[in-house]
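Residue 364 in my numbering is what sits at position 364 of the sequence shown, and the numbering runs on without skipping anything.
Think of the CB as a built atom: it goes at the ideal place given N, C-alpha and C, for glycine as much as any other residue.
A short worksheet on the structure shown next.
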Amino acid sequence: MYLRMIFKIKNNYKMNNKIKSIALASAVTGGMLLSNCTLVKDLEYKVLEDPLEMHGDEVKLKMTATFIEKGLNKKAVVEVTPIFVCNDGTEILFDSRTFQGEKAAGNGEVITKAGKTITYESMRPYQSCMEEGKVIVKILPKKGEKEKEVILTDKIADGTIITPYLIQLDDQVVACDDNFKRITTHTTEATINYDKAKFNVKSSELKQQDIKDYEAFIIDAQTNVRRDAKSINIMSYASPEGEIDKNDNLAADRATSANGYLTNFYKKSKLEMPAGFVTKTPKGEDWDGFKTEVEKTTHEDKDLILRVLEMTSDLNKREEDIRNMAKTYKFLEKEVLPQLRRSQMTLTYDKVGYSDDELKQLSKSKPDTLTVEELLYTAELVEDLNEKLRIYKAAEVKYGDDYRVVSNVGYILYLQNDLDGAKAKFETAFGLQEDAIVANNLGAVAHMQGDRAKAKELFEKAGGPETEYNMGLIAIQEGMYGEALEKMGDNETFNVALAKVLNGEKDAAGAIIDASADADAAYSYYLKAIIAARGDNAADVVSNLTKAIGKDAAYKAKAAKDAEFIKLRDNAEFKAVAGL
């Protein structure tokens, strides 16, 4: 909106709806006033945004002023200063501009005899008194070194729309994720060793402890609901001595004999072996195992043997070179090669975790028996915030060095409006690990507690949709409404609706309010009243204000002074609801 005003410095003036001749206030006599008027004549103002508006904590006055033809005495200088006068009497001066006639001395902007239109823009930090007030203009004429009496105009604009301050900070915090997997895959194994060049399974091998444990595990897996055996793979090897082809066949025979042992064991134990449950993978000569076993030794020729392995790629030549170390080879035959004649049986099984109900019960009765992942997961199974907090605190007792646990305690405290408690936990978690989620959560607390700069700093270390939404809130406060809407995305909250209104998209805001969790809040009805006022719908203004005031009586006094409703201050229904 703008108000077009013409100031006629004459004894007589007229006023109509489009052009207002403003009376000039002066302490001097009529004669002196006429003397001043010989310096500056008709001056036309066009004020944009009337009432003034607050955006980004600043109030901007933007207007044009036109000096008419011969409107400024050629030897005159005028200093023009717009002033915001609060209803409590506080005066806030905008920037002064100096203009001068063609033959005046000074550094002011020259106004020729033909006149000139100038553009004026000045900004001041918003002060609370500026919610109610007006803008006037102070004109100080001078001729030479002699100042004339100050001229004060009547009101040229009202102040101030402060709708951005309706923002309801609802910064989003995030719970750290768990890595819980109910079903995880594991392996267990046992080894059958063979004599040189043999593939039969010796009875003595089946008495080894690893074989006994292996058999016990297989039997238990048949009935244990926590274990689900999936497959067995037999990897069989020959020691790297003799002909390669023969060793390949020997490894295959050893795989077959190990498979035979397993088949007999399942049959003897009256267990069912599913088809395809066992696979055989004969590997031939085990040079990798040879290298591993040599590296474990402290033999004096250890490095020499390893160099042969590294430098000789031909397997037959490699074996020959090692055999030529007569003394060393005897050591290898005794300490290394026997470990390589083997079948390694690897059982792959799934470990099945507790059910949801079991986890919830154990979190109460034996929380210390659960892993950190189980506790973090269990907290997500419950809706009650106090119960969530109990589980996270139980996890904190045992896993207090896990930043996720500590941050999630803070997460619940934040949702319970304990900002100080949440901040302490988030700071501890951030000290354990500077994680993006924790940075977001710390930023949310800083923002809620009024430290916008700190919040921005922390949000820049974070990421994700929640952080983007939070940055959108800051963008609203900084007057960047288009950017706010981009950051807040598809969220349907009161603040998104507010950003829509402030960005000139009032028609889309109402539906967002209705879809938000705050649809029935007093401030939501108040914003709807503002939308109606901007659409010149007095009936909806009154209807929504009535609902807002019914939920929060404080909105009655606010509406009475809110510049959003300035055009309705003579409306009887509005006056009744606002108590005017």
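Decide if T298 is buried, meaning its Cβ has at least 16 other Cβ atoms within 10 Å, or exposed.
exposed
If contacts are defined as beta-carbon pairs under 8 Å, then R227 and Y392 qualify, I think. What distance do you get, rounded to the angstrom?
At roughly 30 Å, the Cβ-Cβ gap does not stay under 8 Å, so R227 and Y392 are not in contact.
Proximity winner among V382, D303, A105 and L580, relative to K364 (alpha-carbon distances):
V382
With a 10 Å radius around its C-beta and 16 neighbouring C-beta atoms as the bar for buried, classify V137 as buried or exposed.
buried
With burial defined as no fewer than 16 other Cβ atoms inside 10 Å of the residue's Cβ, what is the status of E320: buried or exposed?
exposed
How is K327 classed by DSSP in three states: helix, strand or coil?
helix
From the DSSP output, in three-state form, read off L3 for me.
Here the model assigns L3 a pLDDT of 35, short of 50, so the residue's position is not dependable, and the following value carries that caveat. Strand, per DSSP.
Which one of V496, K46, F94 and E478 has the shortest CA to CA distance from L485?
Out of V496, K46, F94 and E478, the CA that lies nearest to the CA of L485 is found in V496.
Rounded to whole angstroms, what's the CA-CA distance from V174 to V409? Just pull it up for me.
11 Å
Contact between the region 104 to 113 and the region 65 to 72: three or more CB pairs below 8 Å?
yes
Here's the rule I'm using: 16 or more other beta-carbon atoms within 10 Å means buried, otherwise exposed. How should D562 be labelled?
buried
Separation of G443 from K456, as counted between CA atoms
7 Å
Just to confirm, are Y555 and L568 a CB contact at a threshold of 9 Å?
It is not a contact, given that the beta carbons lie outside the stated cut-off.
With 16 as the cutoff for other CB atoms within 10 Å, does Q361 come out buried or exposed?
exposed
For C129, does the three-state DSSP call read helix, strand or coil?
Residue state, collapsed to three classes: helix.
For R318, name the three-state secondary structure that DSSP assigns.
helix
What does the Cβ neighbour count give for A23, buried or exposed, with the cut at 16 atoms within 10 Å?
Confidence at A23 is low in this model, with a pLDDT of 32, below 50, so its placement is unreliable and the value that follows should be read with caution. It counts as exposed.
Note down, in chain order, each residue of its chain lying with its Cβ closer than 8 Å to the Cβ of A515, except the 5 sequence neighbours on either side.
E492
What ranges does the beta strand (DSSP E) occupy inside the region 505 to 538, keeping only unbroken runs of at least 3 residues that lie completely in it?
none
As assigned by DSSP and simplified to three states, the class of R124:
In the structure shown, the three-state DSSP call for R124 is strand.
So, helix, strand or coil for M480, using DSSP?
coil
Check the C-beta distance from K500 over to Y525 and give it rounded, since I have them as a contact under 8 Å.
Actually they are not in contact, since the Cβ atoms of K500 and Y525 sit about 16 Å apart, beyond 8 Å.
If you pair each beta-carbon of the region 234 to 253 with each one of the region 276 to 284, do three or more pairs fall below 8 Å?
yes
Inspect the beta-carbon positions of I151 and I161 and report whether they are closer than 9 Å.
Not in contact: I151 and I161 (Cβ atoms no closer than 9 Å).
Shortest alpha-carbon distance to E121 belongs to which of C86, T81, V85 and L61?
L61
Does the Cβ of G450 have 16 or more other Cβ atoms within 10 Å, making it buried, or fewer, making it exposed?
exposed
Based on DSSP bridge pairs, tell me the residues matched to A252.
DSSP output for A252 lists no bridge partner at all.
Per DSSP, what are the beta-bridge partners of I192 in this structure?
S343
Can you grab the Cα-Cα spacing for the pair S35 / N73, in whole Å?
Legend: pLDDT at S35 = 37, less than 50; position of this residue unreliable, value from coordinates given subsequently. Between S35 and N73, the C-alpha separation is close to 12 Å.
Where P274 falls: helix, strand or coil (DSSP)
Here P274 sits in coil by DSSP.
Go ahead and label R341 buried or exposed: buried means 16 or more other beta carbons lie within 10 angstroms of its beta carbon, across all protein chains shown.
buried
Would DSSP call G159 helix, strand or coil?
strand
Minimum C-alpha distance to S203 - residue among A258, N441 and E241
A258
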